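These notes concern the structure reproduced below.
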Amino acid sequence: MTEGITTPGAGWRRADGPGERKPPKRYRKGGGRRGRSAEQAMVDDAEFTSYYGRPIIKPPVWKTPDVPLYLFLGGAAGSSAILAAVADLTDRPTLTRVGRLVAGGGSIASVGFLIHDLGRPERFLHMLRVIKLTSPLSVGTYILSPFSAAAGATAAVELLDWFPRLKRFGGVVSALFGGPMATYTAVLLANTAVPSWHAPYKQLPFVFAGSAMAAGGGLTMIFTPVDEAGPSRKMAIAGATIELAAMHKVENDHGIVSEPYHEGRAGTLMRAAKTCTAAGAGLTAVAGRTRIGAVASGVLLAAGSLLTRFGVFDAGMASARDPKYTVVPQRERMAAREAGQQVGQGEGRSVTR
Amino acid sequence: MTRVKTWLESWPVYRQLTGSDPLGRGTAARSKATEAVVSRTATADRVVKSVCPYCAVGCAQNVYVKDEQIVQIEGDPDSPINRGRLCPKGSASKQLVTSPSRTTTVKYRRPFGTEWEDLELDTAMEMIADRVLEARRKGWQDEDAGYRVNRTMGIASLGGATLDNEENYLMKKLYSALGAIQIENQARI
Amino acid sequence: MPGLGASFGRGGATNFLEDLSNADCIVIEGSNMAECHPVGFQWVMEAKARGAKIIHIDPRFTRTSAVADLHVPLRIGTDIAFLGGLIRYVLDNDLYFRDYVVAYTNAAALVGEDFVDVEDLDGLFSGYDAENRMYDEDSWAYEPANPPESSADDPAEAAEQEQLDDAPAVRESDQAQAAGSGGPPIPSKPKRDETLQHPRSVFQVLKRHFARYTPEMVSEVCGIEPAVFEQVAKWVTSNSGRERTTAWVYSVGWTQHSVGAQYIRTASILQTLLGNIGRPGGGILALRGHASIQGSTDVPTLFNLLPGYLPMPHAMQHSTLDEYCADAAGKAGFWGNKRDYMVSLLKAWFGDAAQPENDFGFDWLPKINGDHSSYRTIADMIEGKVSGYFLVGENPTVGHPNGRMNRFGLANLDWLVVRDLQMIESATFWKEGPELETGEMSPDTIGTEVFFMPAATHVEKDGTFTQTQRLLQWRHKAVEPPNDARSDLWFFFHLGRILRERLKDSTDPRDQALLRMTWDYPLHGETRDPDADAVLREINGTGPDGQPLSSYMQMKDDGSTSGGCWIYTGVYADGVNQAARRKPGSEQGTVASEWGWAWPLNRRMLYNRASADPDGKPWSERKKYVWWDEAAGEWTGVDVPDFEKNKRPDYVPPEGARAQDALAGDDPFVMQGDGKAWLYAPAGLVDGPLPTHYEPVESVVENAFYGTQASPTVERIDGPWNRENPSRSEVFPFQVTTYRLTEHHTAGAMSRTLPYLSELQPEFFVEVSPELAALRGLTHNDYATLVSARSAIEAKVLVTERVRPIKLRDGRVVHQIGMPYHWSYGGLSTGDSANDLLGIALDANTHIQEDKVSTADIVPGRRPRGPELLEFVEAYRRRAGVASGRVGVNGRDPVEASAGEGSTQ
Amino acid sequence: MTSISSASPGLAGNDPSNRLFGPLPDVSADAGYVEEHPARVGFFTDTSVCIGCKACEVACKEWNTLPMDDSHGVRDAMGMSGMSYDNTGMLGANSWRHVAFVEQTRTVDLPMPTFGRPGDDRQGSGPSPMTPGDGVSLADAQQSSVLNAEALSEFDPQTGQSGADKQIRWLMSSDVCKHCTHAGCLDVCPTGALFRTEFGTVVVQGDICNGCGYCVPACPYGVIDQRKDDGRVFKCTMCYDRLTDGLQPACATACPTQSIQFGDLDELQARADARLATLKGQGVETARLYGRDENDGVGGAGAFFLLLDEPEVYGLPPDPVVTTRDVPAMWKAAAQGAALIIGVAVSAVLGSRKR
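Chains as they are written, first to last, in this note's numbering: chain A, 1172 to 1524; chain B, 28 to 216; chain C, 208 to 1112; chain D, 122 to 476.
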């Protein structure tokens, strides 16, 4: 039965053919293909109708690994930039240097991935034609551009060891944009019709913030002497905790739309991500002060963050491909609205929207 | 100064900040190409009245010509029959004319040949005339079963029903004058 | 269209598309109008929006059914049974429009005593000649009011021809189609019984003939519930009569049957009884499938016709012009002027060379003496009897049944000229035909010389199309054709010019016609394209003053007038190209008489005199159309009256009147010899004066009506390349029907080559029911192979509930397979050719093939390739007891050795 | 100069003038066309008269010179979808009109006392207001079903059951870009390639689009898509160029049965309401308008439909909401997340012992 749902273009007769004909359980909504959510469904049998199992919304055309890597690097760079700036102000030169290099390297690479993902890369500068507050990518451009310029320049002078004053200024500028850099990408995903991205729009920025800190903390931890890496460890542990907590809500609070985070490739990625993040955080706490422990836990934390980005990305793609995740929540919303209207006219709008 | 202002005004962000479209949804975002948009029906040199060549409903078509090329074919709203509407085939009839797979030169296959060869149109016409005379002679009957028939059984013809009346008329006239009688048309099918 | 011609006098749609919106009920039967004429269908939807009932009677549930009020899924090939049932229902329940029937039909006419109906001969009419499989129609005649001699100019000649009418060579030559504009000639007006009570009155004959067609019988034969039948009957009858009208729409779903003409006859009888002919929102609308298919019969490139439905001279009957005109001379109705039309045609063709002394050149015309139709000619080609062949915008190896036979025909020519837009399969058969793969043909063995001559498209030439409602519309040339592409007018003009130059010094009598014919049209442009406008003027004809005629009534038989196609006379009235008129529809009424020009004489609705009662008053205010204006002394209304303008409704022909003068003021069917619509056709059809249900040639069901299984007059063309599936064979257990889709056009040359159309229906497929899919193990969207005694083809399977098995009363289930026929190996959208599966069995009236019903087997998977395919099909033939289909090189003589093995008979 | 805070609900969080969500009386004015501008135009697609001819698809492609689907003219890449007569599949960069074909059957286990089928929601329940009164009895009118009545055949060949009434219907519907009042694609476009025209329609500017692809998942209907070989995105323009010449869009011009109607949106809405009332009066209970309601999730659509079944049967979302409705809340969460990072970093540094 599910074969028909997941194979676009397969004959609807397969799902509703002579062999499987039985009296309809309830009022049949008619044609297209009627499906049922998969075995491990987290919600009760969701009956729904679709047009030959075809997706209703278009899955994003964004490429992988470009975009997940962009999300990861942006996060790691953003949190590292902040860490570096604060470290600089409190005179932690190695942490500062490592943080700036991670921020600079990450930001430059992320710009590369972003441009590479465009259908017409040569038109990248068209992004600067307008400023649209309704477009996270437009806003993001005005975050990414100064951030990567500042972080890149700071890292460059850090490497070349020129203009120390400018370096600090650049570090501060990049730190100012570092936070938005780490979290705007969550809005980038959430501000779509992709069910499993849009529904958790309030949690996703926190997942990304936590993930960014875990990655930034982890990466700087690897390259910073343990003595000086205290802030990295603290930020990493705090980030990992926030990531796991926020992710838990994403994975469980949104009914059927949470389902893709548990299933298939996305499920595997998410489980691996949680394992790495939790292990990395634990190891940091236990053995973060040893060189080996710092490297191991740093790698685990970064890997956890990376896997989270891939997992979130994949879950969204999966939710876009299956019409179930578009139809069922909307149907539930309509049912709730009808129920709400019966209860009280005034509530109708707030209940459903 | 004006140059700077012109340059600035060509930047949508400036228009967003100074104009009536702060969200960059409409007027501020319009591009040069958009400002210059023009319908190719408006720039056509002429509109020629025609009729769809597919089924027999007889939908009237407007054929837009620009630089001696067909740029658009659509229904003629004046027609009392189709009132400007067309089916998918009628809507595709520009493609029928401009199809890249259309064969527009004479092709010749010699007896037992394995490939097409090219041939000049005039040469082909002369060759066909030769063959018509020969086939006519070969199949000629003055009488058949004792009755005068005055005809040839050597030449047959089958026309499609997309032939014009004038074409059918000349064909029937010529064939009859030649004595060819196995003259048929899709109308039989 | 002898079905309509024999019933009403002209073989054209009686109404026009826009008039459908005036109907109170529209029955679409034998047509998939929404899919094949989508733009014309807007008028059906308009009627529906105004509250009309839309009934679709069709074996398949199509896009037409989807928007109809009622879909009746009758079994393929049972329309006569269904319509016959309706006729019985109307007669039994006295639901016919009595005043109309008595006044305007031949219901009161008496049939001769010799006539014996099928009731008494188990499915045969009197006069059957079993040896030649033909009827002698003499016994079907009316009982004459006067002795026949009195009305013919040349009684001896007429009598002699009457005898010759029965000769097989005359019957085969398809004279019936000459009823295209003018009913079949009858010796004289019949005796009448206005009370309709005489046992030999047509009305009583009709009652007896259709007595068998009970709702139960209809239900059993058609495979539908009696309730469905009753619903249709109620809707149709309650929407017919004085105040309301029902329209009937058909197309090739009716004509492409072995009894196709009789399908149309049955509907004609029903519509006449209901009083729906010649009235707004009524009529029988024949929908044609090609842009100018009506034009191609009006100005025919058909072996048996001259322009204007004048018959092609027959060797045995027409050795002189007098003989040619003998049957019509002195007759009532407009055929009485046959000599005027013919002489004008000869003047148009031969100009000054046509003089009274030389019979206006009549002798120069070639004569026919048998069936020279397309399929017979293909068989002749295989036998090497035909040297050269012109294909002008036709793709027979795909579009005609039995593609393999067609390809064998082409492979045995000396030369072939193909004129088309695209490189069609009929031009590439020697290179890519499927028989190359099976080893039956190869370029090494095919001596056919092929000329591909590129043609011009519809926007690259001037000219007129005649569309489905007899309307001529002029197209203006928009651009020049590219490269070597030329109009067909160019090709035939210049071919004629070259031939005339070659023979200009010939004194051979056989060359005189060519040399004497008029062939001097103005030429335009660099390519010297002939002036289509001048050709249209010649078709219209000119009077003694050299000015265009405005009516065929002006034609004379003394050589003072000319006219290439008398029914088109008036298209150039007043020296104006009337077909080019384009007064916007919004500025005219619904009839829109100033858009284009319709034959005859711009009458949009035929027989519209019948929209008024015998006194000339509209039958009802709601359905008024044309009426007698006593004050003005003329017929008037919203259309051009299809009647002499000033002939009073109470006009009674004086003794000895002839032609139109012999018709009374209440004889609306002006082309008929008696001015009446024919419920019973004493002449004009070769397979019976009344329609009778026969099973299709290839049917899985026994004829429940009579012991005669299929039509006794079916025309067959036998050969190893055209074997017939035996009826009720277990080897070929399923019915197959072929059809078109909206997205493609006929044999596909104009659609499979276009990207936008190709992608909409990208592959050849067949439609089967879930039940048949289960029975045969067919998988949706996978391949299946269909087999007949002709060939085997493969197609993708579309399993759909829209195709339904029919359960017969005895519990047998008839499975039907739907098969669109657009595909072949060329173009962008490809597949096997559905027509390769079909055989050729023809309606003897029209020589039209039975495309719409055949039988086949269907099995899962792809078909065998190469020589194995031949063995595969041969094995089926063996099992079915069919003679071998093995052929020699290029389809010629069967190979003796394998015939012994393959044929056990 | 308009101050950003008042004009930017994207950040401000409140949306008093419905610039992100809810009814918007003048979409063109919202997009800066403050002076005189044409009335908002749209499509009303009445699927109850659609005959599935696909003239709209071809006329659209022909006018807009779109490439063939997927195959780019390679014949081997074309294939039958198996989805009834729909071989287009969905709207996309190369298909701006898409006709859906839905075949439905159902069995009604009821005896047949009359031709009417009790319990059939497509059953006529009274005389049609359009039916002229003369000559047709009430009983006749009651016997009419509004859609096809295949159902009259009592025999179900599958079960052989008598009295079981198998009904079939074939729904066809031409889908198109909805030209939403609140268009997700337009709002998320970072280059301004997507813009709203003076006619209130939403159009991609090919000279601007850089193929970022953001609009693709932002559309709640899955309309807009990227052309792979080109990189840019494409969708219905409602024939913006033709509109500037006073012509109708190509699809509406071609549509043989006026299933696709083009015109001023308010006029179309009135026409649609009347049509719905007619159908309801004829007993077509399942008829409904889709995209007509300005209080819906996209503020009402510029292209709306009359459907005969649930939207998802045709591949349409039942209750779409423009994603940018929630963008203020998203920005708020993102800002909180960013602040959180700074907070954590500062406290991590301050809380760590310096070496």
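From the three backbone atoms N, C-alpha and C, an ideal C-beta is built for every residue, glycine too.
Given the structure is predicted, the values throughout are model-derived calculations rather than measurements.
Applying a beta-carbon distance threshold of less than 9 Å, which residues of chain B neighbour residue i?
i	result
C/TRP802	ALA87, ASP105, SER106, PRO107, ILE108
D/ALA375	GLU101, GLY102, GLY111, ARG112, LEU113, CYS114, PRO115, GLY117, SER118
A/THR1305	LEU50, GLY51, ARG52
Going by DSSP, name the residue or residues bridged to residue i.
i	result
C/ARG148	Nothing about residue 148 of chain C can be reported from this structure: the residues present for chain C run from 208 to 1112 only.
C/ILE1024	C/VAL943
C/TRP842	C/TRP835
B/ASN89	B/LYS76, B/GLU101
B/TYR174	B/ASP171
B/THR179	B/TRP167, B/ALA207
For residue i, return the contacting residues in chain C, with the cut-off set at a CB-CB distance below 7 Å.
i	result
B/TRP167	ARG717
B/LYS93	The premise fails here: B/LYS93 is roughly 10 Å from chain C at the closest Cβ pair, so nothing lies under 7 Å.
Output, in chain order, the set of chain A residues within a Cβ distance shorter than 8 Å of residue i.
i	result
D/ALA339	ASN1362, THR1363, ALA1364
B/SER207	A quick correction: the sequence has Ala, not Ser, at residue 207 of chain B. Result: empty, since nearest Cβ-Cβ is about 52 Å, beyond 8 Å.
Against residue i, what residues of chain D qualify as contacts under a CB-to-CB distance less than 8 Å, listed in chain order?
i	result
B/TRP39	This sequence places Pro at residue 39 of chain B; Trp is not what is there. By Cβ distance, chain D contributes GLY313.
B/ASP30	With the sequence shown as reference, residue 30 of chain B is identified as Arg, and Asp is not the correct amino acid for it. Chain D residues near B/ARG30: none, gap ~22 Å exceeds 8 Å.
Mind pulling the chain B residues with CB within less than 8 Å of residue i?
i	result
A/ILE1302	VAL40, GLN43, GLY51
C/TYR779	Near C/TYR779 there are no residues of chain B at all, since even the closest Cβ is about 12 Å away, more than 8 Å.
Could you give the C-beta distance for residue i and residue j, rounded to a whole number, given that I count them as a contact under 8 Å?
i	j	result
C/MET612	C/TRP928	4 Å
C/ASN784	C/TRP622	Actually they are not in contact, since the Cβ atoms of C/ASN784 and C/TRP622 sit about 37 Å apart, beyond 8 Å.
D/GLN326	B/ALA60	6 Å
D/PHE316	B/ARG42	Wrong, their Cβ atoms sit about 12 Å apart, outside the cutoff.
Determine the chain C residues that contact residue i at a beta-carbon separation under 8 Å, and present them in chain order.
i	result
D/GLU431	Those do not exist, as D/GLU431 stays about 18 Å from chain C at its closest Cβ, beyond 8 Å.
- Query: If contact means a Cβ-Cβ distance below 8 Å, which residues of the stretch 438 to 458 of chain D contact chain A?
  - Reply: Taking a C-beta cut-off of 8 Å against chain A, the contacting residues of the stretch 438 to 458 of chain D are PRO438, PRO439, ASP440, PRO441, VAL442, THR444, THR445, ARG446, ASP447, VAL448, ALA450, MET451, TRP452, ALA454, ALA455, ALA456, GLN457, GLY458, listed in chain order.
- Query: Does the count of Cβ pairs from the stretch 473 to 484 of chain C and the stretch 723 to 738 of chain C closer than 8 Å reach three?
  - Reply: No: fewer than three Cβ pairs fall under 8 Å.
- With contact counted as at least three CB pairs below 8 Å, one residue from each stretch, are the stretch 1241 to 1261 of chain A and the stretch 1299 to 1310 of chain A in contact? Touching, no.
- Message: Using a Cβ distance threshold of 8 Å, determine whether the stretch 235 to 246 of chain C contacts the stretch 947 to 956 of chain C, with at least three qualifying pairs required.
- Response: In this structure the stretch 235 to 246 of chain C touches the stretch 947 to 956 of chain C; the number of beta carbon pairs closer than 8 Å is three or more.
- Message: Against chain A, which members of the stretch 349 to 364 of chain D pass a CB distance test of less than 9 Å?
- Response: Within the stretch 349 to 364 of chain D, the residues whose Cβ lies closer than 9 Å to some Cβ of chain A are LYS349, ASP351, GLY352, ARG353, VAL354, listed in chain order.
- Item | Sufficient close CB pairs (3 or more, under 8 Å) joining the stretch 786 to 795 of chain C to the stretch 496 to 510 of chain C | Counting Cβ pairs under 8 Å, fewer than three are found: no touch.
- Query: What residues in the stretch 514 to 543 of chain C have a beta carbon less than 8 Å from any beta carbon of chain B?
  - Reply: Hits within the stretch, in order: PRO514, MET519, ALA522, MET523, SER526.
- Task: Specify whether the stretch 205 to 221 of chain D and the stretch 291 to 305 of chain D touch according to this definition: at least 3 beta carbon pairs, one from each stretch, less than 8 Å apart.
- Result: They touch, by the three-pair rule.
- Message: Measuring CB atoms only, is the stretch 216 to 225 of chain C touching the stretch 436 to 452 of chain C, in the sense that at least three cross pairs come out at less than 8 Å?
- Response: The way I'd put it, the stretch 216 to 225 of chain C doesn't touch the stretch 436 to 452 of chain C; fewer than three beta-carbon pairs between them come closer than 8 Å.
- Query: For the stretch 161 to 184 of chain D, which residues have a beta carbon sitting closer than 9 Å to at least one beta carbon of chain C?
  - Reply: Of all residues in the stretch 161 to 184 of chain D, only SER169, VAL170, CYS171, ILE172, GLY173, CYS174, LYS175, ALA176, GLU178, VAL179, LYS182, GLU183 come within less than 9 Å of chain C when Cβ atoms are compared, listed by chain position.
- Item | Against chain B: residues of the stretch 667 to 682 of chain C by CB proximity under 9 Å | Of all residues in the stretch 667 to 682 of chain C, only GLU667, LYS668, ASP669, GLY670, THR671, PHE672, THR673, GLN674, THR675, GLN676, LEU678, LEU679, GLN680, TRP681, ARG682 place a beta-carbon less than 9 Å from a beta-carbon of chain B.
- Message: Short of 9 Å Cβ to Cβ, which residues in the stretch 181 to 200 of chain B face chain C?
- Response: For the stretch 181 to 200 of chain B, which is checked against every Cβ of chain C, the residues closer than 9 Å are GLY181, ILE182, ALA183, SER184, LEU185, GLY186, GLY187, ALA188, THR189, LEU190, ASP191, ASN192, GLU193, GLU194, ASN195, TYR196, LEU197, MET198, LYS199, LYS200.
- Any 3 or more C-beta pairs closer than 8 Å across the stretch 652 to 662 of chain C and the stretch 122 to 134 of chain B: Yes, the stretch 652 to 662 of chain C touches the stretch 122 to 134 of chain B.
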